[in-house]
Structure formats: C-alpha cells, structure tokens
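There are 2 protein chains.
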Amino acid sequence: METLLTSRPSVGSARAIARSIREGRATAEAVVSKSLERAAASEAVLQAWHAFEPELALEQARRLDRQPAKGLLHGVPIAIKDLSDTSDLPTAYGSPVYRDHRPAMDAACVAALRAAGAVVLGKTATVEFGASRPCATTNPHNPLHTPGGSSAGSAAVVADGQVSLSTGTQTGGSIIRPAAFCGVVGFKPTFGSIAVAGTKSYAWSLDTVGGFANSVADVSLLFEAMSGHERSRFDESDCRPPRIGIFLGPFADVAAPSTVDALMRVAAACSRAGATVREIDAPAIFRHTLEWQRAISRYEMGRSLLPETRAFSPEELGEVLLAEIRAGQAVPETSYIAAKAGASRLATELQSLFADTDLLLALSTPGEAPFGLASTGDATFCLGWSLLGLPTLNLPAGTGPQNLPLGVQLVGPRYGDECLLRFAAWVERVVSDA
Amino acid sequence: METLLTSRPSVGSARAIARSIREGRATAEAVVSKSLERAAASEAVLQAWHAFEPELALEQARRLDRQPAKGLLHGVPIAIKDLSDTSDLPTAYGSPVYRDHRPAMDAACVAALRAAGAVVLGKTATVEFGASRPCATTNPHNPLHTPGGSSAGSAAVVADGQVSLSTGTQTGGSIIRPAAFCGVVGFKPTFGSIAVAGTKSYAWSLDTVGGFANSVADVSLLFEAMSGHERSRFDESDCRPPRIGIFLGPFADVAAPSTVDALMRVAAACSRAGATVREIDAPAIFRHTLEWQRAISRYEMGRSLLPETRAFSPEELGEVLLAEIRAGQAVPETSYIAAKAGASRLATELQSLFADTDLLLALSTPGEAPFGLASTGDATFCLGWSLLGLPTLNLPAGTGPQNLPLGVQLVGPRYGDECLLRFAAWVERVVSDA
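Which chain is which? The protein sequence lines are A and B, in order. My numbering applies: residue 1 is where the first sequence begins, and numbers increase by one. My numbering applies: residue 435 is where the second sequence begins, and numbers increase by one.
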C-alpha cells in the first residue's frame with residue numbers, strides 16, 4: 001500500500017537527526033538551517049506559521065552545539081502549536097485579541113521538550129482557541145483543501161517535511177483529523193498523561209496535549225520527551241502481532257465507501273501478517289458519544305473563555321465566537337453531568353473489550369480533506385475517543401479518490417499508550433510492506 | 435454545641451450583604467469600606483493578604499453602585515487565593531520568583547465571580563505554589579498557631595470576619611484543613627466542576643477550585659457563582675434528614691480522641707434530629723489512598739513546575755522546592771499509572787456506598803491547628819477524598835482542648851455537590867441548635 005509520506009522531501013526523521021547530532025555527523029545549527037529553508041520555501045502557500053523567528057531558532061541551535069548531547073531530542077527542530085505558551089515567542093492562541101501576547105513562562109510541554117534538547121522553530125497556526133474560526137493554513141497536498149483543525153499548522157509543517165515533530169492538542173478531533181487530512185501520524189495520548197500547565201484551556205475534562213510526526217517511532221519519541229521520561233523505551237521489535245478489533249461504530253454510514261475500504265485493506269494486511277482480526281459491535285450507548293462530547297466541550301468552553309468576554313469587546317471577539325461562548329454557558333448543568341455519567345459508564349463497558357483486544361481499528365475521518373478553507377472538516381469519528389480519554393493514533397493509509405491522504409485510527413486502553421505505540425509501529429510496518 | 439463563628443465580629447453573610455445592596459439599604463462602596471477597615475485592623479498580626487489595593491476595590495464598588503444589581507453577588511467583597519490570576523492585581527502564586535508577575539487575564543473562576551457582581555478585595559497569601567513553603571499568615575484564633583494551608587489567607591480572612599467569601603484550591607488538603615483550623619466552612623466541589631483556566635496548575639488530575647464562607651448557605655452561593663449558574667437554586671428547606679455514614683477509615687488512630695468525640699457529638703445530634711446514622715467500614719484498599727494521592731500529586735507537580743526550574747536559578751527557587759520538583763520528576767511512571775488505576779477502582783467501590791447513604795461524616799484533621807508556623811499541619815484525612823475527586827465540606831464542630839476550632843468533614847458522591855450542600859445546611863442547623 002502506497003503512502004504519500006515517502007514521496008515528499010523531508011528534513012528526515014527525528015531519530016535520525018538526533019542520532020547524527022549525537023554522533024557528531026551533524027550540528028544542530030545545520031539541521032535548523034535546513035528546516036528554516038524548507039519552511040521559507042513553502043510558507044507563502046502553506047501559511048502554517050504564526051510566529052517564526054529564524055535568528056532565535058539558530059541561537060538555540062548554536063547554544064546546543066556548544067553542549068554535550070544528552071537529551072532525547074538534542075538539536076531536533078520542533079514546531080509548537082500556538083495554544084501552548086512560549087516565553088520567547090508570541091502566543092496568540094489563534095486569536096486576533098491576543099496578537100501582542102507574550103507569556104511570562106513556557107507551557108509545561110514546551111519546557112519538557114526544551115529540557116530534552118529540542119529547538120523550538122516557531123509557533124504553528126491554529127483554529128482560534130481551538131474553537132471554530134479556521135486559520136489560513138492550507139493542505140500541503142493541495143492548497144485548495146483544508147488541512148483539518150484545530151492543529152492545522154502543526155500537521156501541515158510535518159507533512160511538508162519542514163520539521164520531523166510538532167505538538168498538537170485535541171479536545172474533539174484536533175489532532176487525529178488534521179493528521180488524517182495531511183497524511184501524517186498524529187497521536188493523542190491518554191487524557192491527563194501530559195501536563196497542561198501553560199496550554200490554553202478550552203474544555204478541562206477533554207483537552208489533551210499530543211503531536212505529529214512522519215512515523216510511529218518518531219511520535220513515540222515526542223511522547224516520551226513530553227512525558228518527562230528519562231530515556232527512550234520505545235522498541236518495536238519486542239512486539240507480537242496484535243489482536244485487533246475492527247470498530248466501525250454507529251456512525252459508519254457517514255464515511256465514504258473508499259474510506260471504509262482503506263480501513264478494510266489495513267485490516268486484511270494485518271491479518272495476513274499474523275494479527276488476530278475480528279469485528280467489534282459497538283456498545284449501544286456509543287451512539288450518545290457525539291452529544292455527550294459536545295455537551296461537555298461546550299459547557300466547559302463557555303466557562304474557560306468567560307474571562308475573554310469580559311476583557312474584550314464583542315467587536316473584538318467577533319459574533320461567531322461570542323455566540324459559541326454564550327451557547328456553552330447556556331448548556332444546562334444537568335446535561336453536562338448526565339454526559340459525564342454516560343461517558344463514565346461507557347468507559348467501563350469499553351475497558352472490558354480490551355481484556356482480549358490490543359487495539360481497536362477505527363475510522364479517522366469520513367474521507368479525504370474537504371475542498372475549501374472555511375471548515376476544518378468532520379470530527380465525528382474522533383469525538384467518542386476524546387470523550388473517553390483513550391489514547392488514539394492516526395496512521396496514514398493510502399489515498400482516496402481525489403489523491404488526498406486517508407488515515408485509520410488505532411485506539412488503545414486508558415494508559416496503554418506505550419503498548420498502543422508499539423502495536424501501531426507493527427501495523428505501520430505491515431501497511432508499508434503491503 | 436457552641437461554634438466559634440457566632441462569637442466573632444464580621445461583615446455579615448454574603449446573602450445578607452447581597453440582599454441589602456439589592457434592596458437599596460446599603461451601597462457596595464459602604465460594604466467594601468467596612469471590609470477594608472476590618473482587614474486593616476487585623477493585617478499586622480494576621481498577614482493574610484498578598485496584594486491589597488483599597489482604592490482599586492473601592493473603584494469596583496462605585497462602578498457597581500452605578501449599575502442595577504443583577505448578579506448573585508452584586509457588591510459583595512471577596513478574597514481571591516493568590517494561585518488564581520487577576521488582571522488588575524499582582525499574582526505571585528505565593529512565590530518570590532513571581533513577585534512582579536502581572537497576568538494578562540483573569541482566571542476563569544475570578545471572571546465568573548466578577549460576572550456575578552463580586553468585588554475583588556485582594557489576593558490572599560498561599561503556601562508557595564500550593565507546595566510546602568508556608569506563608570506568613572497566622573491563625574485568627576491564636577497567632578502562634580498555623581492557619582493550615584495551602585489556602586491559608588483565604589481561610590483566615592473569612593474566619594476573621596473581613597469578608598464573607600473567599601476562594602481556595604485543593605489538591606491534597608488545601609481547603610478542608612485550613613477551614614478546620616480556622617473554624618470556617620470550606621467547600622471543595624467535585625473535581626472538574628469549576629473551570630481551572632488561569633489558576634496555577636500543580637497536579638492537573640487533582641487541582642480543584644473551591645472556597646470558604648461562614649455558613650453553608652454562603653458557600654453555596656459562592657459555588658453557584660463560580661459554576662456560572664444563572665441564579666441561586668440553594669434551598670435548604672426542601673431537605674429531609676440525611677442518611678449519614680460515619681466514615682472513620684483506616685487512619686483514625688492518627689486523630690486525637692477529642693477530635694473523634696467532636697465527630698461523634700455531631701453524629702449523635704443528627705441522629706436525635708431524625709437522621710439515619712450508621713458506621714461504614716472503609717473498603718480495604720482505602721488505606722492506599724495516601725500513597726496513591728502522593729504518587730499522582732508529586733508526579734504531576736514535577737511536570738507542571740518544570741518550566742520554573744528552567745526559567746529561574748536554583749538559588750531563586752530554593753533548595754526545598756527544587757528538591758520536591760526533582761522528587762516528583764523521579765516518581766516512576768508505573769507508580770503513577772498504578773495510583774490512577776487504584777483510585778479508579780476505589781471510586782467505583784465507594785460509589786455504590788452512596789446508593790443508600792446521602793453523605794459520609796468523616797474527620798477533617800487529626801486535631802486543632804498545631805503550634806507554630808513552620809508546618810501547615812496534617813492532611814491525612816483530606817488526601818483520599820481529593821484523590822477520588824468527591825465533593826467535601828468542612829463544617830465547624832466546636833473547639834478542642836486548646837480552645838481552637840475543630841471541624842468535621844461531610845463527603846458526597848461525585849457531582850452530588852448540590853445535594854451535599856443541602857444536607858450540610860441541615861447538619862449545620864442541627865449542630866448549631868444542639
């Protein structure tokens with residue numbers, strides 16, 4: 001099965017970059033320069049960066065070149081979604097009202113990446129506050145199509161080969177959807193596994209920090225560095241073929257037939273390579289996940305963004321955002337609590353599934369990235385997993401009828417992040433060999 | 435049973451203040467002036483305020499006096515724990531490294547209180563980052579004793595009658611403990627029920643915004659305003675006698691006999707007034723709650739405060755804090771995940787208890803506030819409920835052998851905050867009549 005990834009020029013994998021710097025075959029400065037050139041060449045069309053100060057990135061690289069390489073990501077350029085604070089770069093959360101904002105402190109995930117030796121190349125464009133006003137970023141495979149959102153810039157710069165790693169956040173579908181549309185690996189860890197300090201709060205029960213890479217191995221490195229682990233424990237070699245549950249769920253008819261076909265081709269390739277594959281019936285209450293995720297997400301965003309409604313005028317905030325905030329404030333508390341209770345019941349039901357299933361194979365999006373930049377596309381297939389807080393990963397899975405990327409979603413049990421990543425690497429290898 | 439509350443001069447209840455302003459019998463300016471006078475008279479000994487700008491508070495009050503009273507707390511002065519951001523007052527998180535910090539935006543809980551018409555009187559002293567370096571605040575009942583922590587200033591200013599309401603946060607015992615030591619009502623809602631945006635993150639799985647008042651009715655008003663509810667739904671009259679479970683738990687021998695006696699007196703008074711009271715055997719795994727709460731709290735604080743270790747020198751941060759952060763970073767991920775899994779198992783076990791029990795009656799602290807200001811006292815009896823995310827309330831329950839306040843803790847089921855508050859008002863009435 002062909003993936004688009006191999007056909008694009010790239011700065012190379014994060015593992016390769018880190019190794020070549022560690023072994024003295026490259027300098028951080030040279031690697032950063034290459035990323036900067038690559039970014040400059042694409043930006044006029046891609047519009048993926050919010051804040052981008054080449055001299056600042058080069059300074060960080062030169063400072064790292066004067067030190068011994070000790071961190072997991074020593075000298076590796078990385079892009080940060082602009083919902084996370086940076087002390088040395090502007091942070092606007094995708095909103096014009098924060099255009100001049102300079103946070104006092106790095107977000108915890110940014111500090112963890114810097115502590116691992118990563119060079120922050122810049123901040124990537126995001127849908128405003130992760131809500132709904134799209135940014136100007138275009139799809140790297142076709143600029144007339146959306147890259148998805150809200151982590152639009154972060155998915156685009158990795159797909160475009162400018163950087164090997166970028167951070168993202170997901171509350172509904174903000175990592176998996178742009179990863180699928182841009183043809184990259186996107187990983188949303190278990191809810192609560194990465195520190196949220198300094199990352200703009202939208203819905204505190206759902207907001208999850210994760211990121212993008214061009215391979216499962218690289219996204220694992222990113223996860224380890226953001227988790228504050230001391231060293232890489234990722235080893236895809238110690239992995240038996242997984243027991244896979246095909247989970248189409250109650251919304252499968254929203255998906256294009258070619259998307260379901262792509263998923264079935266992945267399942268067939270895994271089966272041929274020795275995986276146990278069976279179809280899973282979704283619990284009956286899974287059909288409520290859309291309404292539950294929306295109730296929680298809206299209720300909480302109406303409270304998290306209340307300060308902005310007091311600090312800025314309606315004209316500054318804009319009608320659409322203000323209407324969303326007001327709608328969130330109007331969600332009845334009873335609906336909110338019922339949604340939490342329902343999600344908790346469903347989580348218990350699903351957890352038993354994982355007793356004899358290593359991962360669920362699910363749809364990432366209904367199809368390829370839609371035409372136009374006014375919408376970031378449909379997140380139907382992401383909302384349930386966000387609601388449940390389960391770790392989930394988008395794996396590129398060929399292309400659709402318009403020659404744009406398709407992806408499949410691999411879902412693991414709560415806190416089964418490392419196992420999911422190992423099994424995902426197995427599936428990735430099987431798919432690329434197919 | 436005598437409580438200390440009635441013996442102290444006070445600005446009066448939040449409900450009475452709000453009503454008198456609404457009915458034109460008082461102005462916000464006059465009410466705020468009274469709070470300011472009361473605060474100024476105590477501050478030399480009490481040391482409860484971090485930032486306090488009388489002119490700013492009076493300006494807010496005058497502005498409210500020119501508007502129609504519409505919010506729940508129109509004109510009511512309130513104190514904000516200095517872990518929550520304020521756009522018009524310095525916010526230091528109790529730390530010298532943030533002494534000049536001026537946040538760009540109010541925390542969500544502050545914005546909600548302002549939206550309800552509250553006047554922010556100032557920021558109250560807190561243990562540094564809510565970790566362990568105490569602030570200078572003294573116990574309002576005896577300045578040689580700790581007020582408890584970390585929400586020291588917020589508990590003290592309410593106990594001292596300077597304000598009727600203040601905010602607090604709890605990760606371990608930071609609301610219930612100071613409430614018990616200062617003899618006030620402290621309420622920690624269900625984890626996740628109040629927006630955390632703009633409140634300094636310490637342990638994202640545990641941090642909960644709540645607050646203090648001199649009565650259950652007032653703390654209910656505070657909770658409603660912070661939750662972003664439109665109007666007060668608190669009505670203690672529609673409350674049958676509760677079914678109470680006495681929960682001494684596996685650590686009861688840490689408590690002084692007089693503390694257990696106080697709890698038993700409350701239980702007896704409730705029983706006489708018609709409540710069903712029975713003793714509850716703690717689930718066997720409850721004894722792990724201390725180790726689980728600590729594993730999660732330390733693991734997460736080591737990651738949340740990582741940015742500070744990069745931005746400030748070891749000398750600026752101090753040896754003790756730095757050692758705590760490093761120890762948190764060294765907590766094995768396996769211990770962290772095991773603690774989460776254990777807590778989840780215990781939560782399920784306890785939830786079934788609430789099928790035929792309205793509230794648990796538990797110890798708040800081992801005894802009265804200890805002598806000295808070097809430690810904020812023992813949080814043993816708070817950690818389990820924080821770990822489980824259950825709503826919990828400290829109710830003053832007379833005094834101990836040193837004539838300092840004692841409290842009892844009332845615990846409700848997840849998201850049963852409103853019921854817990856109604857039943858707590860019932861218990862409060864019974865106790866004050868006894």
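All C-beta atoms in this analysis are idealised placements derived from N, C-alpha and C, irrespective of residue type, glycine included.
When 7 Å is used as the limit between beta carbons, His-535 (chain B) is near these residues of chain A: Ala-104, in chain order. Tyr-415 (chain A) and Gln-351 (chain A) have their alpha carbons spaced roughly 11 Å apart. Contact check for Ser-304 (chain A) and Ser-150 (chain A): beta-carbon distance about 14 Å, past the 8 Å limit, so the pair fails to qualify. For Pro-847 (chain B) and Ala-28 (chain A), the gap between their C-alpha atoms comes out near 54 Å. Distance from the Cα of Gly-245 (chain A) is smallest, within the candidate group A:Ala-152, A:Leu-353, A:Pro-366, A:Gln-47, for A:Leu-353.
Judged by DSSP in its simplified three-state form, Ile-512 (chain B) adopts strand. Per DSSP, the continuous beta strand (DSSP E) segment holding Pro-405 (chain A) begins and ends at 405-411. Shown here for Ala-485 (chain B): same chain residues with a beta carbon closer than 6 Å to its own, the five before and five after excluded, namely Leu-523, Pro-524, Gly-556, Lys-557 in chain order. By the Cβ-count criterion, Gln-162 (chain A) is buried, with 16 or more other Cβ atoms from all chains shown falling within 10 Å of its own Cβ. Residues of chain A whose Cβ lies closer than 7 Å to the Cβ of Val-630 (chain B) are, in chain order, Ser-201, Trp-204. Within the same chain, Cβ atoms closer than 6 Å to the Cβ of His-579 (chain B) are found at Asn-573, Ala-803, Phe-805, the five residues on either side in sequence being excluded. Taken in chain order, the complete alpha helix (DSSP H) segments of 4 or more residues contained in the segment 364-405 of chain A are 380-388.
With respect to Thr-365 (chain A), Asp-378 (chain A) sits close: the two C-beta atoms are nearer than 8 Å. Tyr-849 (chain B) has a beta carbon lying within less than 8 Å of a beta carbon in chain A. A straight line joining the alpha-carbon of Ala-729 (chain B) with that of Ile-610 (chain B) spans about 20 Å. Contact between the segment 740-760 of chain B and the segment 705-719 of chain B is not established, with fewer than three Cβ pairs separated by less than 8 Å. Among the residues facing chain A, His-484 (chain B) is not included, as its CB has no counterpart in that chain under 8 Å away. Approximately 6 Å separates the beta-carbon atoms of Val-127 (chain A) and Gly-94 (chain A); this is inside 8 Å, confirming the contact.
Under the 8 Å criterion on CB atoms, Pro-741 (chain B) is classed as interfacial with respect to chain A. Among the residues facing chain B, His-288 (chain A) is not included, as its CB has no counterpart in that chain under 8 Å away. At a Cβ-Cβ threshold of 8 Å, Val-185 (chain A) and Phe-212 (chain A) count as neighbours. Within chain A, the C-beta atoms nearer than 7 Å to that of Lys-774 (chain B) come from Tyr-415, in chain order. By the C-beta density criterion, Arg-287 (chain A) is exposed, having fewer than 16 other C-beta atoms within 10 angstroms. Listed along the chain, the chain A residues whose CB falls inside 9 Å of the CB of Gly-509 (chain B) amount to none; the nearest CB is some 17 Å away.
Taking each of A:Ser-13, A:Ser-297, A:Phe-187 in turn and checking the Cα distance to Pro-332 (chain A), the smallest one comes out for A:Ser-297.
Nearest Cα to Leu-822 (chain B) within the set B:Ala-513, B:Gly-606, B:Val-864, B:Arg-856: B:Gly-606. Here DSSP, grouped into helix, strand and coil, assigns Leu-121 (chain A) to strand. Taking all protein chains shown into account, Pro-134 (chain A) has 16 or more neighbouring C-beta atoms within 10 Å of its C-beta and is therefore buried.
Annotation: the continuous beta strand (DSSP E) that includes Lys-622 (chain B) extends over 619-622.
Among the residues of chain B, those whose CB is under 7 Å from the CB of Ile-337 (chain A) are Tyr-849, following chain order. Counting the other CB atoms within 10 Å of its CB gives Gln-843 (chain B) a total of 16 or more, which places it among the buried residues.
Here the alpha carbons of Ser-271 (chain A) and Leu-780 (chain B) stand approximately 39 Å from one another.
At a cut-off of 4 residues, the continuous stretches assigned as alpha helix (DSSP H) that sit fully inside the segment 666-706 of chain B are 691-706.
Close CB contacts of Gly-564 (chain B) within its chain, under the 7 Å cut and outside five residues either way in sequence, are with Leu-517, Ser-584, Thr-603, Thr-605, Ser-608, Tyr-636 (chain order). For Val-643 (chain B), the CB contacts under 7 Å within the same chain, skipping 5 residues up- and downstream, are Cys-543, Thr-601, Thr-603, Ile-628, Val-630, Thr-633, Met-660 in chain order. Interface residue (Cβ-Cβ distance to chain A less than 8 Å): Glu-725 (chain B) is not classified as such.
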